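Visitor: In this note's numbering, the protein residues as written are 135 to 309. Here a beta-carbon is modelled for each residue, glycine too, at the ideal position from N, C-alpha and C. Quantities reported herein were computed from a predicted structural model and do not represent experimental measurements. What follows is a single structure, and I will ask about it in a moment.
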Amino acid sequence: EPGDAALMIITSGKTARPKIVPMTHTNICASAYCSVASVALTENDRCINMMPLFHGHGVNNILLASMAAGAGVVCTPGCDVDRFFGWLTEFRPTWYSAVPTMHQAIVVDARNQHERAADPRLRLVRSASASLPLHLFAELEDIFEAPVIEGYGMTESTSSPIASNPLPPHRRKPG
């Protein structure tokens, strides 16, 4: 039934002790469609998903959102920065989403091997699950020549975007 639990996800415990959060079929569908709307996903999009599928960001905001949009998604065996730019070349994604620590590792690798970052063309880069430092926001946009869309959600709200910067041409507020 729509109100039955479909997934059980454990919170990170940032505000208290970690808790198990049941997510209903209705919750995860609503979350997926909110994620689709927040970055205007279409069937023409393809995502590289490096986030674990036991994490709300990975399962709800990337995998299920891509499925809801009829878009493609490539789930990697994790965040492997040494393979990241190869994945961009091989799979030609239109976007990827990660947490700030992953973005930081990608930026460091791109700085060391700038020619590898030159050819992939992304429509957007999404950052969620923690605050993205302003310098990292700027470096990602410079490297990928694509807007960085920051989003905020909570496991308890099925990781639905509670707040999200809009896509250009709308005004974004880094941080």
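Measuring alpha carbon to alpha carbon, tell me which of V173, A140 and T228 ends up nearest A297.
Guide: V173
Visitor: Going by DSSP, name the residue or residues bridged to W229.
Guide: Answer is C181 and L258.
Visitor: Between the region 183–200 and the region 208–228, can you find at least three pairs of beta-carbon atoms closer than 8 Å?
Guide: yes
Visitor: Whole angstroms are fine: how far does the CA of P267 sit from the CA of D243?
Guide: 17 Å
Visitor: Return helix, strand or coil for P156, following the three-state DSSP convention.
Guide: strand
Visitor: Judging by CA-CA distance, which residue of I154, L197, R306 and S165 is the nearest neighbour of L187?
Guide: Selection I154, L197, R306 and S165 evaluated against L187 yields L197 as nearest (Cα-Cα).
Visitor: Near R306, which residues of its chain fall below 6 Å by C-beta distance, leaving aside the five closest residues on each side in sequence?
Guide: N299
Visitor: In angstroms, rounded to a whole number, what distance separates the CA positions of L258 and C213?
Guide: 18 Å
Visitor: Only counting the same chain, and skipping five residues up and downstream in sequence, which positions put a Cβ closer than 6 Å to that of W79?
Guide: Any property of residue 79 remains undetermined from this structure, which presents the chain solely from 135 to 309.
Visitor: Tell me which residue opens and which closes the beta strand (DSSP E) that E284 is part of.
Guide: V282 to Y286
Visitor: Let me know if S265 comes out buried or exposed under the rule of 16 or more other beta-carbons within 10 Å of its beta-carbon.
Guide: S265 comes out exposed.
Visitor: Going along the chain, which residues of its own chain have a beta-carbon closer than 7 Å to the beta-carbon of L301, five neighbours each way excluded?
Guide: V173, A174, L258, P281 and I283
Visitor: How many whole angstroms separate the CB atoms of S263 and V233, which I take to be in contact at a CB cut-off of 8 Å?
Guide: That belief holds up - the Cβ atoms of S263 and V233 are roughly 4 Å apart, short of 8 Å.
Visitor: Using C-beta distances below 6 Å, list every residue in its chain close to P308, excluding the 5 sequence neighbours before and after it, in chain order.
Guide: L268 and F271
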